[in-house]
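Chemist:
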Amino acid sequence: MTYNEVMGGRAPIRMWADPDEVETNVMQQLRNVAGMPWVHGVAVMPDVHHGKGATVGSVIAMRDAVSPAAVGVDIGCGMTAVKTSYKVENLPDNLRYLRSKLEQAVPVGFGHHKLPVDPAKLHGLKGTGWAEFWKGFDELDPSVRGKREKAEVQMGTLGGGNHFLEVCADDEGVVWVVLHSGSRNIGKELADRHIEVARGLPHNQDLPDRDLAVFLGGTPQMDAYRRDLFWAQDYARRNRAVMMALVCDVLQRHLPNITFDKPISCHHNYVAEERYDGVDVLVTRKGAIRAGSGEFGIIPGSMATGTYIVKGLGNAAAFNSASHGAGRRMSRNKARKTFSLDDFKAQTAGVECRKDTGVIDEIPAAYKDIESVMAAQSDLVEVVAHLRQLICIKG
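Each residue of the sequence shown is one higher than the one before, counting from 1 in UniProt numbering.
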């Protein structure tokens, strides 16, 4: 589809969603953002839904300013996918056993490793700047200085909520590994701290939503946020890399002669320095991926409706972006009240996964239709592969 343009005050709102079908409170959030004096433009993805301050599924370009809430509290949250040499018919019949081995290797929920994972012992991770990365922890905001040990043992862990680890098969029967996670507790701690600082700055006192508080370029607060932000984004990227290495190690031990292609990885809660319309801007993608021309991305549906591997078309009107997934159509509380365990089992039939009341809020029906989402962004990405879940692990 082509986008709909809605005037939001100072800056245009370009929507790859039908404005008439977007909830009133979501439209208000978008207009709040577009009315801010620093905003160059807003692009709205087809999976858009309500968020803290800024909507999930929005891309915001600001001139020399950034709103921490427009990034999200899980800084650097994103996805990694790896295509393997294995065919689905060669997988063992007992996928539950394989799921249990993967769950032993990658802690989920509030779980963590007993000791920090040594990257030097993992394939492909030795010598990738780990000492320098951890040295950067000592320069982070003083409020997190006592949390290094926790950050170290959470490196290589999945977390909970909508984070997942999956073994999938594409339409040609080739096996893939896909995972979704972010910067764990340390990213949230940093985000919460900086949102609090931004709220107290004088220039943010008259905003329509205090959660939209921004940092301005050339200030010590902006410098401190950028330092912590980029470190947390790197933590998230490394977290996914460690998990993928642990998963590949398990698969190599249980699936003879399996090999792996180069990983595809993308953030969908982050900040990037980019240039549009001849203007240097800070682009926040909250629930959106970068989809520059030829760039690979990953767009998941729900835990039983598959995932799309895509290649960006470089649509500058969308700030070279695309959706990060199907997006929720109902809250977690509403999903728990609406659906039963029998509903969950029926909707995840054929997928080896937890089937208990603890994951009902992740039932596929709680999410928007991924096919409709993909159809709405045909001018943003082209499909490379469609994956269906065989094993899905959630926290």
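For every residue, glycine included, the Cβ atom is placed at its ideal position computed from N, Cα and C.
How many angstroms separate the CA atom of residue 144 from the CA atom of residue 272?
Modeler: 24 Å
Chemist: Buried or exposed: which applies to residue 239, given that a residue is buried once 16 or more other Cβ atoms fall within 10 Å of its Cβ?
Modeler: buried
Chemist: By Cβ distance, which residues of its chain are closer than 6 Å to residue 248, with the 5 residues on each side in sequence left out?
Modeler: Excluding residues within five positions, the ones whose Cβ falls inside 6 Å are 260.
Chemist: Within 10 angstroms of its Cβ, does residue 386 collect 16 or more other Cβ (buried), or is it exposed?
Modeler: buried
Chemist: Do you know how far the Cα of residue 118 is from the Cα of residue 22?
Modeler: 46 Å
Chemist: How should residue 302 be labelled, buried or exposed, when 16 other C-beta atoms within 10 angstroms of its C-beta is the threshold for buried?
Modeler: buried
Chemist: DSSP has residue 323 in a bridge; who is on the other side?
Modeler: 288
Chemist: Going by beta carbon distance, what residues of the same chain come within less than 6 Å of residue 59, once the five residues before and after it are set aside?
Modeler: 43, 285, 288, 319, 321
Chemist: Alpha carbon to alpha carbon, how far is residue 186 from residue 141?
Modeler: Spanning the two alpha carbons is a distance of roughly 11 Å.
Chemist: My output table needs one value for residue 75: the three-state DSSP class, helix, strand or coil.
Modeler: When secondary structure is reduced to three states using DSSP, residue 75 falls in the coil class, being assigned neither helix nor strand.
Chemist: Rounded to whole angstroms, how far is the Cβ of residue 250 from the Cβ of residue 120, which I believe are closer than 8 Å?
Modeler: Actually they do not touch by this definition, with Cβ atoms about 19 Å apart.
Chemist: According to DSSP, is residue 358 helix, strand or coil?
Modeler: Residue state for residue 358 is assigned as helix, using DSSP reduced to three classes.
Chemist: Residue 39 by DSSP, collapsed to three states: which one?
Modeler: strand
Chemist: Can you list the alpha helix (DSSP H) stretches of 4 or more residues lying completely in the segment 216-279, in chain order?
Modeler: 220-254
Chemist: Check whether the segment 35-49 touches the segment 10-27, counting contact only when three or more Cβ pairs, one atom from each stretch, lie closer than 8 Å.
Modeler: yes
Chemist: Pop quiz: residue 54 and residue 29 are said to be a contact at Cβ under 8 Å. What is the actual Cβ separation, rounded to whole angstroms?
Modeler: 6 Å
Chemist: CA-CA distance, residue 107 and residue 81?
Modeler: In this structure, the alpha-carbon of residue 107 lies about 18 Å from that of residue 81.
Chemist: Could you tell me the distance, in whole angstroms, from the CA atom of residue 456 to the CA atom of residue 363?
Modeler: The structure shown does not extend to residue 456, since the chain is modelled only from 1 through 395, so no value can be given for it.
Chemist: Tell me, please, which residues DSSP counts as bridged to residue 166.
Modeler: Per DSSP, 178, 392.
Chemist: I'd like to know whether the C-beta atoms of residue 65 and residue 38 end up nearer to each other than 7 Å.
Modeler: yes
Chemist: Hey, how far is the Cα of residue 84 from the Cα of residue 208?
Modeler: In this structure, the alpha-carbon of residue 84 lies about 49 Å from that of residue 208.
Chemist: Does the count of Cβ pairs from the segment 163-175 and the segment 187-195 closer than 8 Å reach three?
Modeler: no
Chemist: Using only the alpha-carbon positions, how far apart do residue 109 and residue 278 sit?
Modeler: 44 Å
Chemist: Between residue 151 and residue 184, what straight-line distance do the alpha-carbon atoms span, to the nearest angstrom?
Modeler: 8 Å
Chemist: Could you check whether the segment 225-238 touches the segment 84-103, counting it as contact only if at least three pairs of C-beta atoms, one from each stretch, sit closer than 8 Å?
Modeler: no
Chemist: Rounded to a whole number of angstroms, what is the C-alpha to C-alpha distance between residue 163 and residue 206?
Modeler: 36 Å
Chemist: Check whether the segment 371-388 and the segment 294-309 touch, using three or more Cβ-Cβ pairs below 8 Å as the test.
Modeler: yes
Chemist: State yes or no: is the C-beta of residue 343 within less than 7 Å of the C-beta of residue 182?
Modeler: no
Chemist: Is it true that the CB of residue 213 sits closer than 7 Å to the CB of residue 390?
Modeler: One thing to note: residue 390 has its Cβ no nearer than 7 Å to the Cβ of residue 213.
Chemist: Within 10 angstroms of its Cβ, does residue 241 collect 16 or more other Cβ (buried), or is it exposed?
Modeler: buried
Chemist: Between residue 111 and residue 257, what straight-line distance do the alpha-carbon atoms span, to the nearest angstrom?
Modeler: 31 Å
Chemist: Locate the alpha helix (DSSP H) running through residue 100, then write down its first and last residues.
Modeler: Taken as a continuous stretch (DSSP letters only), the alpha helix (DSSP H) holding residue 100 covers 95-105.
Chemist: Does the separation of the CB atoms of residue 215 and residue 198 fall below 7 Å?
Modeler: Yes, Cβ-Cβ distance for residue 215 and residue 198 is below 7 Å.
Chemist: Which residue wins for smallest C-alpha separation from residue 33, given the options 67, 3, 20?
Modeler: The option with the nearest alpha carbon to residue 33 is 67.
Chemist: Between which two residues does the beta strand (DSSP E) carrying residue 58 extend?
Modeler: 56-62
Chemist: Measure the alpha-carbon distance for residue 374 versus residue 138 and round it to whole angstroms.
Modeler: Rounded to the nearest angstrom, the two C-alpha atoms are 42 Å apart.
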